[in-house]
Each structure stands twice: as C-alpha cells, then as structure tokens.
Amino acid sequence: MSKRQVKTDSGIEIRDVYRPSEYNYAAKLGDPGEYPYTRGVYPTMYRSRLWTMRQYAGFGTAAESNRRYKYLLSQGTTGLSVAFDLPTQMGYDSDHPMAEGEVGKVGVAIDTLADMETLFDGITLQTITTSMTINATAAILLCMYVAFAKKQKADLQKISGTVQNDILKEYIARGTYIYPPKQSMRLVTDVFAWCSEYLPNWNTISISGYHIREAGATAVQEVAFTLANAREYVSAAMNAGLSVDEFAPRLSFFFNAHNNFFEEVAKFRAARRLWAHIMKEEFHATNPDAMKLRFHAQTGGSTLTAQHIENNIPRVTLQALASVLGGAQSLHTNAKDEALALPTEESAQLALRAQQIIAYESGVADAVDPLAGSYFVESLTDEIEIRAQEYLRKIAALGGAVKAIEAQYYQNEIADSAYEYQKAIDAKEKIIVGVNEFTSVEKTEQNLLHIDDALRKEQVQRLTAVKKSRNAESVRQKLEAIKKSAEGKENLIPHILSAVEAYATIGEISDALRNVWGEHKE
C-alpha cells in the first residue's frame, strides 16, 4: 500500500518518524528566558503571569464601542484592543465624501479628541493596557490617547499599551497607507523617539505578520517578511540617532495563528530565535530586552468560514492553543460569526471563553514551554528558521524591505502562495470542513450584528458640534505648525499632540501632512 506524502502549509515535508538520535537539542535550546529565547522570553512564562486576553473590538460610534469595552472587561478581558473604521485609518473625517458608506463599519469612527474621550469614558487608562490597530494615522490616534490620559491626570510614565504603527505591511498587504514610504517611516521613528522620552512603557510599534498571512503568505513567509520589515524599522531608528538598546525593548510583534497546529507552534519559536540573532549579531544590541521578540497573536481571520460558522469555534480554539504553546504575550480569539459580520456580544463572549478555558482548565499554562524537545516540533522550528533565513537574504540583496516592496517582491511571493493554496482547496488536496468536504444543510438564519447606515449622520452632527465649539484660529495655527515641521526635520509628535488638544480633526491633521508630503500611489 502506497503512503501519501504529507506537507505543512509552508510545504515542509513531514516524515513518518522523528528519532532522538538525530537531534541534540539539550545543548542547543537553553532555558526559557535565556538567549536566543527559543523557549520563551521569560523564565517562568505563564506560571508567573498569564498572557493578556485582549479581545479586538470597535464598531459604530465611540459610545457604542465604549459599551462593548465595558462588557468585555466585565467578562474577564484583561486588555483592550481598538478597531478603527476605514475613514479613521485613511485620515478622512466622517463628513468627507470618501467616508460615505464606511463610517463605523469595520471599526469605531474617531474624528476628534472628543470621540476618544467618549470611547474611554469611565475607563482609567493608567490601570488598563490598550492596543490600537492603526498605522497611517497612528501618530494622531496615539496623541489623542495621550491627550485623554493627561485629562485623567494619568502619569504618562506609567501608561502602557501598543500602537501598531507598522506602515510597511500596508504597502504589502492591506493598502491603508497615505504618504510615500520615506515620509511614513519618518512618522514611525518620530513616535519611537517621542515615546522613549515621554511614554517609556508604551510599545511604539507592533510589527505585523498577521496581515501578511491574511493576504495569503505561508507561515515561513510570515516570519521572514515580518522580520525583514522589523530590520528596516530598526535601521531607520538607528539612522535617526536612536540607541538600539533604548528603543528596541519597546518593539513588539503581531502574528497570525492558523490551522496547521505544530507548524504554528514552531513558527513562533523560530521567529524568537531568528530575531534574537538579528538583534545581537547585526545590530549589536547588548541589552537582553532588546533581543526579545514579544508578540501578540490573533487567530486567523482568513481561516473562518461563512459556511457552518459553528465550525469556526474548534478552529479558533486550536489556533489559540497553538499561540499559547508558542509563547504569546497576548492573544485575541476571533468570534465564530466574523466571516459574516462584526461579532455580536454573545459570540465575542464565547471567543473570550475559549481563552479562559485554555488558561484555567487545560493545564497547558502550568509548564513552561511544554513542547520543548519534541523531535517533530524542534525539527519544524529548525526548518522554518532555515527557510525564513533564505527569504531574509533575498530581501537584503534587494536593498532591504522598502526596496523589496517597491520592486513588488513581497506582493508577488504572497500572490503565488495564495494561488497555490486556493488551487489545493479546489482540487480537494486540502480539506476545509464544511466547505469542500463534509458539507451538510445548515440553518440559514444567523443572529448577526448590523451597523446602521444612519450612524454616519449622527457622527457628522457630533463632528460639526465640535468644530463650532473649538477655537478655529488656534486650530489653524497648530495645523500650520505641523506643515512647517513636516517641511523640516524636527519631531512631529509635539505639534500633532498640540493640534489634537485643540480638537483638530484627524482629517485636518492628515491633510496638513498630505499638503507637504503628497500621497503614495501604487
């Protein structure tokens, strides 16, 4: 009887048996919390502190999202994660023609500091960590968060959280960029520099492989392309005069968790080891914290199926378990209905419960790195590292991440991988339960969350009221200061913060920079 050939989703061949005589990992691995951190960035991992359960949420108006945040906190969420609508991500106010049909649809609409005040009303920012998934307008949203924290009399030295601020992957995978890459990179490093002085506990970037994977990349490509982008950010920061040992400890990463369980666990381990070597050997970091890859994981949105949405519950649970066994510092679990709509309160609660059951009932958090020494897992870790290194060499030969993006290298590699993956599904070489196999009649009615188109009118009314109540001349002067700063080299963040505090809108601030820098056209 012939046996079938088995490969991971990245094309790594899986052998029948992995034998101990082939490996000597005891000498190679070290302990958790020790360089190169293959086994985790902290010595005791979840025995000392569980990962942050950070459910991604945001929709409609700031008031609606505020109610969802308070509900999630009451259900045991230990960190907040903000989703912004497309106009906010692209630097358009809710009354802009480009915002029509999109206000509040895929996240919360934020036009001014007044919206940020409503979004976090009744939530003490000094006592909660907040992650904001925002890139092109990251500096503006961070300034709004800081401005509200100041109104709460918070000690900025103690405020903690993360702003995604990863613009390079927008040119690769998502497209929510505004400015050309060079100017966008300046905003990124300005955030690095300002936060190192005024917001020292804030993660100034979350370098994202998540969206690269969602676009169709393999696990190997996700690791390689993410770390190549990270290299670019580190180089840009050092070229701007920042010390690697001072800013690198505040870098964080954001990875996807897909269905191929052991490959995903190995991917996280390989990424940690690769990054430690890059930071020590290429950038000559001496601070151990500058070499540690700390990451947030989110279960794979592209793996969710619109057919038989209940099947997404075991999918997400397995993905979450892979993230935990891979050593994630924080985790978001997708809701079962997210292939069709934003999650309902009920489905968001169920997604959170998956994390809590893993944390408190499964026992997997009791041992530090329980899969260490598995011949299969360690072999996969090595193979992913080797294959990712080959991509890193190719990108370096092209001149780095920005040059590779401009040459469409990333985009073409991802497109090829996505095409091959879809071909495998179409040919039933890859089975998706309930889609191309094991299908059955399902109920047609679903309890889905619907965003009313009328909310744009409400949001515009609030925006108009803010504009009428503010000091228009003060706003004009502060926007002019942003333009002048953009023409030179001084740090933009103090000027953006000043404009935000005067209730300048996200669109006005973005336009001030557009007027100087222009827009990127692919």
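Each residue of the sequence shown is one higher than the last, beginning at 2 in the working numbering. All C-beta atoms, glycine included, are put in the ideal place defined by N, C-alpha and C.
Cα-Cα separation between residue i and residue j, rounded to whole angstroms
i, j, result
"HIS297", "HIS333", "8 Å"
"VAL107", "LYS29", "45 Å"
"ARG187", "ASP167", "12 Å"
"ALA238", "ALA291", "13 Å"
"TYR72", "HIS496", "35 Å"
"HIS521", "ARG515", "10 Å"
"HIS212", "ARG16", "30 Å"
"ASP86", "GLY61", "8 Å"
"ALA110", "ASN67", "12 Å"
"GLN350", "LEU343", "13 Å"
"GLU215", "ASN472", "43 Å"
"THR177", "GLU23", "47 Å"
"ALA455", "ASP112", "17 Å"
"ASN261", "SER375", "16 Å"
"GLY364", "THR39", "21 Å"
"ALA513", "HIS309", "47 Å"
"LYS484", "THR300", "40 Å"
"GLN153", "GLU198", "20 Å"
"VAL245", "ARG295", "16 Å"
"ALA389", "ALA503", "47 Å"
"ALA425", "ILE415", "15 Å"
"LYS337", "LEU200", "36 Å"
"THR78", "ARG55", "6 Å"
"ASP417", "LEU381", "22 Å"
"ALA329", "PHE255", "9 Å"
"PRO21", "ASP10", "25 Å"
"LYS458", "ARG477", "25 Å"
"MET117", "GLU339", "25 Å"
"ALA368", "SER475", "57 Å"
"LEU341", "GLU283", "44 Å"
"GLY80", "GLY401", "34 Å"
"TRP195", "SER441", "56 Å"
"GLY123", "ALA397", "48 Å"
"ALA487", "ILE494", "11 Å"
"ARG232", "GLU35", "22 Å"
"ALA405", "ARG69", "40 Å"
"LEU114", "THR125", "16 Å"
"PRO98", "SER348", "33 Å"
"SER523", "ILE452", "The amino acid occupying residue 523 in the given sequence is Glu; Ser does not appear at that position. Answer to the nearest angstrom: the Cα atoms are 31 Å apart."
"LYS19", "GLN184", "First, the residue type needs correcting, since residue 19 is Tyr and not Lys in the sequence shown. Going from the Cα of TYR19 to the Cα of GLN184 covers about 49 Å."
C-beta atoms of residue i and residue j nearer than 8 Å
i, j, result
"ASN312", "GLY435", "yes"
"ALA229", "ALA286", "no"
"SER75", "LEU464", "no"
"LYS170", "GLN127", "no"
"ASP383", "PRO33", "no"
"ALA373", "ALA366", "no"
"VAL317", "ALA277", "no"
"ILE510", "LEU480", "yes"
"ALA321", "ALA258", "yes"
"VAL164", "MET133", "yes"
"VAL403", "PRO182", "yes"
"SER331", "TRP52", "yes"
"GLU438", "LYS429", "yes"
"LEU100", "TYR93", "Reading off the sequence, residue 100 comes out as Ala, not Leu. Yes, they are a contact pair."
"THR190", "ILE208", "no"
"TYR410", "ALA225", "no"
"TYR43", "SER49", "yes"
"GLY162", "THR130", "yes"
"GLN412", "ILE173", "yes"
"LEU449", "THR345", "yes"
"PHE377", "PHE263", "yes"
"ARG251", "PRO37", "no"
Anticipated Cβ contact below 8 Å, residue i with residue j, distance rounded
i, j, result
"ILE385", "VAL221", "6 Å"
"GLY327", "GLU265", "7 Å"
"ALA148", "VAL501", "5 Å"
"MET91", "ALA63", "The pair is not a contact, with the Cβ atoms about 18 Å apart (cut-off 8 Å)."
"VAL192", "ALA140", "6 Å"
Beta-ladder partner(s) of residue i, from DSSP
i, result
"PHE256", "ALA298"
"VAL434", "GLU438"
"GLN56", "LEU81"
"GLU14", "LYS8"
"THR163", "SER132, ASN204"
Subject >> Inside the stretch 175–245 only - alpha helix (DSSP H) runs reaching at least 4 residues >> reply: Listed in chain order, the complete alpha helix (DSSP H) runs (minimum 4 residues) inside the stretch 175–245 are 182–199, 211–215, 220–240.
Original post:
Which runs of the beta strand (DSSP E), 3 residues or longer, sit entirely within the stretch 285–356?
Top reply: You should have 296–300, 331–333.
Subject >> Complete runs of the alpha helix (DSSP H) confined to the stretch 61–141 [at least 4 residues] >> reply: Taking only runs of at least 4 residues, the alpha helix (DSSP H) segments lying wholly in the stretch 61–141 are 63–75, 87–91, 114–120.
Subject >> Length at least 4, wholly inside the stretch 360–440: the alpha helix (DSSP H) runs in chain order >> reply: If only uninterrupted alpha helix (DSSP H) runs of at least 4 residues are considered, those enclosed by the stretch 360–440 are 376–398, 402–407, 410–427.
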